[in-house]
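Numbering (the UniProt record's numbering), first residue to last: 1 to 173.
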């Protein structure tokens with residue numbers, strides 16, 4: 001992975017955005033297939049609120065086993081989608097985000113109200129409850145066709161990204 005330099009003008013433009021496509025999301029979040037769980041950001045208010053979309057398809061690997069004859073999206077992945085959506089908002093405010101990682105620090109009051117199945121489109125709305133310099137508490141609601149399917153409060157923190165160095169093992173004698 002190449003090193004990127006922090007561009008204050010680009011950081012300000014990213015923070016001022018109100019929408020993001022998948023490439024912009026991937027420039028912020030370290031997640032990749034099959035664990036990147038948001039497809040588009042459709043609304044964003046700095047440090048306040050963000051709304052993302054996730055299109056659920058039968059091609060996703062978790063449907064092979066959850067459940068073969070009745071595919072439903074695991075609740076834990078919906079909570080992860082809430083955290084990733086919040087992370088997209090949080091990381092727009094971090095100038096040296098290429099050297100940082102956002103991690104979960106807590107989940108409260110997660111509720112799963114209806115099954116999510118292939119073909120559904122998730123609308124993930126996350127509202128900031130508390131914002132500190134390195135940590136955020138957010139309320140997430142996921143709806144499908146205007147009906148609440150999941151809600152949870154998540155806490156995330158920004159931590160330094162640890163770069164793993166390649167090590168060589170000594171040959172066995």
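Using N, Cα and C, we set each Cβ at its ideal position, and we do this for glycine too.
Computed from a predicted structure; not experimentally measured.
Assign residue i to buried or exposed, taking buried as 16 or more other Cβ atoms, counted over all protein chains shown, within 10 Å of its Cβ.
i: residue 26; result: exposed
i: residue 175; result: For residue 175 there is no data in the structure shown, the boundaries of the chain being 1 and 173.
i: residue 134; result: exposed
i: residue 22; result: exposed
i: residue 132; result: exposed
i: residue 103; result: exposed
Tell me whether residue i sits in a helix, a strand or coil according to DSSP, three-state version.
i: residue 5; result: Confidence in residue 5 is poor, its pLDDT being 46 and thus under 50, which makes the residue's placement too unreliable to answer from.
i: residue 139; result: strand
i: residue 48; result: coil
i: residue 243; result: Absent from the structure is residue 243, since the part of the chain shown begins at 1 and ends at 173.
i: residue 37; result: coil
i: residue 18; result: coil
i: residue 97; result: helix
i: residue 86; result: helix
i: residue 76; result: helix
Going along the chain, which residues of its own chain have a beta-carbon closer than 8 Å to the beta-carbon of residue i, five neighbours each way excluded?
i: residue 144; result: 114, 116, 120, 121, 122 and 123
i: residue 54; result: 37, 38, 39, 81, 121, 122 and 124
i: residue 74; result: 62 and 66
Counting only the same chain and skipping the five closest in sequence on each side, list residues whose C-beta sits under 6 Å from that of residue i.
i: residue 52; result: 38, 41, 85 and 124
i: residue 118; result: 56, 57, 58 and 71
Measure the beta-carbon distance from residue i to residue j and round it to whole angstroms, keeping in mind my assumption that it falls under 8 Å.
i: residue 140; j: residue 126; result: 5 Å
i: residue 162; j: residue 90; result: That belief does not hold up - the Cβ atoms of residue 162 and residue 90 are roughly 19 Å apart, past 8 Å.
Would residue i and residue j be called neighbours here (beta carbons separated by less than 7 Å)?
i: residue 152; j: residue 110; result: yes
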